[in-house]
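Notes follow once the structure below has been shown.
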Amino acid sequence: AGITIPIVPGLMPVPSRRSLAFMAAMTGATLQPDLARAIEEAPDDDAVRALGVRHCIEQCVELLEAGVPGVHFYTFNRARAPMEILASLRGQQLLTA
Numbered sequence: 102a103g104i105t106i107p108i109v110p111g112l113m114p115v116p117s118r119r120s121l122a123f124m125a126a127m128t129g130a131t132l133q134p135d136l137a138r139a140i141e142e143a144p145d146d147d148a149v150r151a152l153g154v155r156h157c158i159e160q161c162v163e164l165l166e167a168g169v170p171g172v173h174f175y176t177f178n179r180a181r182a183p184m185e186i187l188a189s190l191r192g193q194q195l196l197t198a
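The working numbering applies: residue 102 is where the sequence shown begins, and numbers increase by one.
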């Protein structure tokens with residue numbers, strides 16, 4: 102395609118239903134049906150956040166194993182979820198730093 106610079110995918114760990122609804126409305130983004138259903142069925146925002154972390158870890162693993170040069174997290178000044186994701190990726194030895 103003629104692209105000669107690295108493309109770094111950006112991921113947003115889902116912090117809550119409200120935040121997710123706001124971001125989807127702002128961007129027009131949609132969720133995979135299975136993830137949307139799991140979030141809808143989650144009992145509270147703590148469960149939604151945990152689902153978001155697990156899903157983001159899965160995405161990171163797939164992307165890093167496919168050879169992307171790294172990932173960018175949209176944190177919105179919330180560090181807890183990205184720190185959990187990074188710890189998991191380090192534990193799986195997918196990050197060098």
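Every residue, glycine too, gets a C-beta built ideally from N, C-alpha and C. Since this is a predicted model, take the numbers as computed values, not measurements.
Alpha-carbon to alpha-carbon, P110 and A182
Here residue 182 is taken as the residue at index 81 of the sequence shown, counted from 1. Here residue 110 is taken as the residue at index 9 of the sequence shown, counted from 1. Computed Cα separation, rounded: 17 Å.
Spatial distance of A139 from R155 (CA atoms):
Within the sequence shown, numbered from 1, the residue matching residue 139 stands at position 38. Within the sequence shown, numbered from 1, the residue matching residue 155 stands at position 54. Here the C-alpha atom of A139 lies approximately 12 Å from the C-alpha atom of R155.
Beta-carbon contacts of M113 that lie in its chain and below 6 Å, excluding the five residues immediately before and after
Sequence index remark: in the sequence shown, residue 113 carries index 12 (1-based). Cβ neighbours of M113 beyond the five flanking positions: Y175.
Within 10 Å of its beta-carbon, does M104 have 16 or more other beta-carbons around it, so buried, or fewer, so exposed?
Here residue 104 refers to the residue found at position 3 when the sequence shown is read from its first residue. The amino acid occupying residue 104 in the given sequence is Ile; Met does not appear at that position. Classification for I104: exposed.
In the DSSP assignment, find the alpha helix (DSSP H) that holds A102 and state where it starts and stops.
Taking the first residue of the sequence shown as position 1, residue 102 is located at position 1. Following the DSSP letters along the chain, one finds A102 in no alpha helix (DSSP H), marked with neither H nor E.
Cβ neighbours of A125 in the same chain (closer than 8 Å, five flanking residues each side left out):
Residue numbering aside, residue 125 sits at position 24 when the sequence shown is read from its first letter. Beyond the five residues adjoining it in sequence on each side, A125 comes within less than 8 Å, by CB distance, of T131, L132 in the same chain, given in chain order.
Determine the closest residue to P116 out of D135, L195, L196, A143, with distance taken between C-alpha atoms.
Indexing the sequence shown from 1 puts residue 116 at position 15. If we check each option's Cα against that of P116, A143 comes out closest.
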